[in-house]
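Chains as they are written, first to last, in this note's numbering: chain A, 1 to 358; chain B, 1 to 293; chain C, 1 to 395. For every residue, glycine included, the Cβ atom is placed at its ideal position computed from N, Cα and C. A short write-up of the structure that comes next.
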Amino acid sequence: MKIMRKASRSKVITYGLVAIAFIIVQLLISSGNISSSLQGQLVPICAYVVMAVSLNLTVGVLGELSLGHAGFMSVGAFTGVVACISLESIIPFTILRLTVSIIIGAFSAGVAGTLIGIPVLRLEGDYLAIVTLAFGEIIKNITNCLYVGVDKAGLHVNFLTDATSLNLSEGGRVIIDGPMGISGITKLSTFAMGFALIMVTLFIVLNLIDSRSGRAIMALRDNRIAAESVGIHVTKYKLMAFATSAALAGAAGALYAMNYSTIIASKFGFNTSILILVFVVLGGLGNIRGSIIAATVLTILPEMLRQFNNYRMVIYAIVLVLIMLATNDDNLKGFLSNLRNRLLPSNLRKGKKGAENG
Amino acid sequence: MTFLSFLISGLSLGSVYAIIALGYTMVYGIAKMLNFAHGDVIMVGAYVCFFATTRWDLPPTVGVLLAMVVCTALGVLIERLAYKPLRSAPSLAVIITAIGVSYFLQNAAQLLWTSNPKVFTSVVGNSSIKLFDGGLTISVIAIITIIACIIIMAALTWFTGKTKMGKAMRACSEDKGAAQLMGIDVNFTISVTFAIGSALAAIAGVLLCSAYPTLMPTTGAMPGIKAFTAAVFGGIGSIPGAMIGGLLLGIIEIFGKGYISTQLSDAIVFAVLIITLLVKPAGLLGKQTTEKV
Amino acid sequence: MKKIFCVFISFVLIIGLLSGCGGSDSASSGDDNSTGKNEEPVAVAFKLGGTGPLTGGAAIYGNAAKNGAQIAVEEINAQGGIKFELKYEDDEHDAEKAVNAYNKLKDWGIQISLGSVTSTPGVATSAETFSDRIFALTPSASATAVIEGKDNVYQMCFADPNQGSASAQYIVDKKLGTKIAVIYKNDDVYSKGIYNTFASKAKELNLEIVSTTTFTEDSQTDFSVQLADAKKNGADLIFLPMYYTPASLILQQAKSIGYDPKYFGVDGMDGILTLENFDTSLAEGVMLLTPFNADSTDERTVSFVKKYKELFNETPNQFAADGYDCVYAYKEALETAGCTPDMSAADICEKMVEAFPNITFDGLTGEGVTWADTGEVSKSPKGMVIENGAYVGMD
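Structure follows, in structure tokens:
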């Protein structure tokens, strides 16, 4: 009973943290005290938070390294925008249209995740990592050769040719134009929608972790053979985690795409996958709250470093390595905890420790 | 004839992947870490050789040796500062650190040498052998790369198999704790592994840029990822596997472009990789380990 | 204890490094951003901002445009009259980063914008400048989507479709080739955009395209297959709508297989001669359409190239010239419209929208340049051919 209460208290803290952050930012916006730089980053931050939380489900909770998470983001982004543009006349109400698009993006990414997951999840460790990387690259390559248009007759899809061979009738519109991606997207994503998506993601992920299925997934991570021997269905639970994670990434992709007037397939490559992985590892494997904080901080950090001009990315790299060293190196850890012992009063430290376990 | 010329192009491209993959697999086999910064060490090696031969007019051999010395020092330095403190940390932490190092090298290179591409002068010239009245061309650099690859592969196999240091390396790879108990200096062994891997990176950088002579701070990144794929393809940790994986990857890439579609070449390469791994989950020559309960 | 000490020392060193960077940065940003600050207070200068890839793989284009614009700003500020304060932010050739960079410029108080240097970020930032009512004149973001449907976004460079159709027209008019091969980059907005219109124009003109092959960012090292395909199909001219870095590899690899067709490039090809250590004999006979020629002998170009070499130690390319021209075009338009630096961005924007379609501008990249009210530039591309390692006009 006590454990349960602790777990749900931790959940409440996580929800609360996000809600408080949202309220503070909303207050700042309404009082006009926010810089355009920060305000412009709110939606991408939300998208990255959802990406980080969803990847954490694969990497931290399921314990499988994925290097192709951006691929699912791409699937969600492109299908989401296609859905949004094709539904323009059917659903004129923008918030509803955005929601429907995000759901469609999530659904298609979830389908992609399941299709990829069935063969791939038989592999282990670094081999699984490289195959996810490969799928990410394949998705990128295929999207670069994809042409989609819409007219009165419905959607036209073409592969490997070009936009003119879509044979759109009068008044038709090319949506995905191969390597040029989608341009002229109406900006629909809002911070409130991003906040809602984070809350839904948290609700799904935290409840999944806390459920019977979640415990089965974690058992697979900790010891697959032992878990199998007590009758846990390996493929089913692995797939459950993987597909959920992919679907959430798709939702984040749709949200992200509809915040910019253009998206291209190359954006969702290996580097973006790695970026998300960095959020997850830095926030702590399996630590959902950590992912949220890491994604937020590391998205803002390069912008904060703009004053250093060209040294910015060098500094970012150094900070990254230093954080990894500081959180993992025993000597440095001892040094930091000594420092903390001296600087912080003991009761405050206890509170912090409790929070870290969440 | 087309087939033969594609095969030769594939082998030339593959040999470059192979030589990078050898360094990758070497480090992975012993230290059990994916050194994502390997591609960027290659870039540094190529830059050093470029400056030595083009700006300071040193002979190519001196340029290559200088690149090897600089890369070895750099590799050992990186290992000391960034990887060694994480020896007992989870493997993901090490991967992220390696990525951090990779970002650092790329951006530092850009600050030092600007982002303007430079054209690398091939260390062996641009000559090529023409067969069948020019119907078939084999560039000298491709032949040298393949020979270098075979020599390095043989040397590494001999080194890890026969020498005392090599045995120590294999012991560390099997079980670090047990190796330490047997009196092997694990830290030193891993440092030596990085030194060798980085020296190989320098050679790979020079050969890569001799074959494809554009040199930019991002030059090493994509070949690095392809070589990583090649190493996994051949069975990561296996030295002959890296070579075969690299060559095959090059051939598949060229054949995919030549016979299927240039637009889909990347997808084809990765699809073949996925299918191979589904059939042989530990790569072509990888050891299939059965988990003991 | 020793280790802790080491760690401590390294921390100190890094903090030192950081502050060192900060120091040097503030010094350099003094030069970069607020040129002419010694003479008069900043309030009299128009705040001119732009984004471009200053780091990463595309950094060469961003830095060139920035440097070119900077030279123009320094010249104009020294002349008296209108003054500019220039600030460039890094967008890493990425739409998301470009919007961040643009927002940063907004915080700084940008009044007129230089848009973005490259196309994909350009589409993203132009949508922002459109909704914020800040006027933008982009030096080199050439995709049509950059200006489409936006009354206050203008281009200094040719739009991609113009380049494609102009190239096809040029090849037919001058009878440069009969069997054409095209190699383009299939994950690049610029390359694909030019290819599309080239292909449709070629069809219209009955110009036979015998081979069409592609490459991507991930596979831009080996072109043997693409060249073999062109050779097999007997192409006598290869059209290369791409930047010069992959083009240099294509030239080299074609030579090594003993294939010697004619080459025709677009403005991205400009710069191939400035590649350090490039064997210019490879580029012998390469034709390209470019608005700018660094070897030109007219007075303005000579003085610009000289200044650029002095300041940045390299030969300016077309991006630098476009950046330079943008600032001068702004000067002309602002003077025509009678704008003053104390006006708001939106007011300047309205004046600029009125002024730009009516001015005629002479710059490094063209004489008598005019703009349509869609934002599209009209200037005639110069056909150039490389002879003995230098550009020579073809007409």
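At a Cβ threshold of 8 Å, is residue i touching chain C?
i, result
"residue 13 of chain B", "yes"
"residue 175 of chain A", "no"
"residue 258 of chain B", "yes"
"residue 91 of chain B", "no"
"residue 281 of chain B", "no"
"residue 44 of chain A", "yes"
"residue 254 of chain B", "yes"
"residue 187 of chain B", "no"
Per DSSP, residue i forms a beta bridge with which residues?
i, result
"residue 90 of chain C", "C/52"
"residue 150 of chain A", "A/155, A/173"
"residue 155 of chain C", "C/138"
"residue 371 of chain C", "C/377"
"residue 97 of chain B", "In the DSSP output, where bridge partners are listed per residue, residue 97 of chain B has none listed."
"residue 215 of chain C", "C/185"
"residue 387 of chain C", "C/390"
"residue 363 of chain C", "C/366"
So, is the C-beta of residue i closer than 8 Å to a C-beta in chain A?
i, result
"residue 266 of chain C", "no"
"residue 104 of chain B", "yes"
"residue 302 of chain B", "With chain B represented from 1 up to 293, any question about residue 302 of chain B goes unanswered, as that position is not in the structure."
"residue 196 of chain C", "yes"
"residue 295 of chain B", "The requested residue 295 of chain B is not part of the displayed model; chain B covers only 1 to 293."
Helix, strand or coil for residue i per DSSP?
i, result
"residue 236 of chain B", "coil"
"residue 148 of chain C", "coil"
"residue 260 of chain A", "coil"
"residue 56 of chain B", "coil"
"residue 287 of chain C", "strand"
"residue 117 of chain C", "coil"
"residue 261 of chain B", "coil"
"residue 124 of chain A", "coil"
"residue 263 of chain C", "strand"
"residue 35 of chain A", "coil"
"residue 84 of chain C", "strand"
"residue 178 of chain C", "coil"
"residue 267 of chain A", "helix"
"residue 107 of chain C", "helix"
"residue 214 of chain B", "strand"
Do you know whose CA, among the options, lies nearest residue i's CA?
i, options, result
"residue 120 of chain A", "B/101, B/279, B/115, B/267", "B/279"
"residue 139 of chain C", "C/359, C/122, C/82", "C/122"
"residue 171 of chain C", "C/144, C/153, C/205", "C/205"
"residue 223 of chain B", "B/8, B/100, B/13, B/132", "B/13"
"residue 222 of chain A", "A/171, A/54, A/132, A/285", "A/285"
"residue 175 of chain C", "C/182, C/181, C/194, C/207", "C/207"
"residue 113 of chain B", "B/97, B/55, B/168, B/242", "B/55"
"residue 108 of chain B", "A/326, A/318, A/338, A/325", "A/318"
"residue 99 of chain C", "C/69, C/162, C/51", "C/51"
"residue 312 of chain C", "C/67, C/177, C/333, C/342", "C/67"
"residue 111 of chain A", "A/242, A/197, A/162", "A/242"
"residue 148 of chain C", "C/377, C/393, C/390", "C/377"
With 8 Å as the threshold, decide whether the Cβ of residue i is near any Cβ in chain B.
i, result
"residue 314 of chain C", "yes"
"residue 394 of chain C", "no"
"residue 356 of chain A", "For residue 356 of chain A, the predicted structure reports a pLDDT of 41, less than 50, and the residue's modelled location is therefore unreliable. The matter cannot be settled from this model."
"residue 96 of chain C", "no"
"residue 45 of chain C", "no"
"residue 119 of chain A", "yes"
"residue 249 of chain C", "yes"
"residue 185 of chain A", "no"
"residue 221 of chain A", "no"
"residue 127 of chain A", "yes"
* Asked: Can you list, in chain order, the stretches of the alpha helix (DSSP H) that have 4 or more residues and sit fully within the segment 165-240 of chain A?
  -> Every alpha helix (DSSP H) of 4 residues or more that sits fully in the segment 165-240 of chain A is shown, in chain order, as 191-209, 212-222, 224-229.
* **Sequence ranges, alpha helix (DSSP H) only - wholly within the segment 103-143 of chain B, length at least 4** => You should have found no qualifying run.
* Which full runs of the alpha helix (DSSP H) of 4+ residues lie inside the segment 170-212 of chain B, going along the chain? -> Within the segment 170-212 of chain B, the complete alpha helix (DSSP H) runs of at least 4 residues are 176-181, 186-211.
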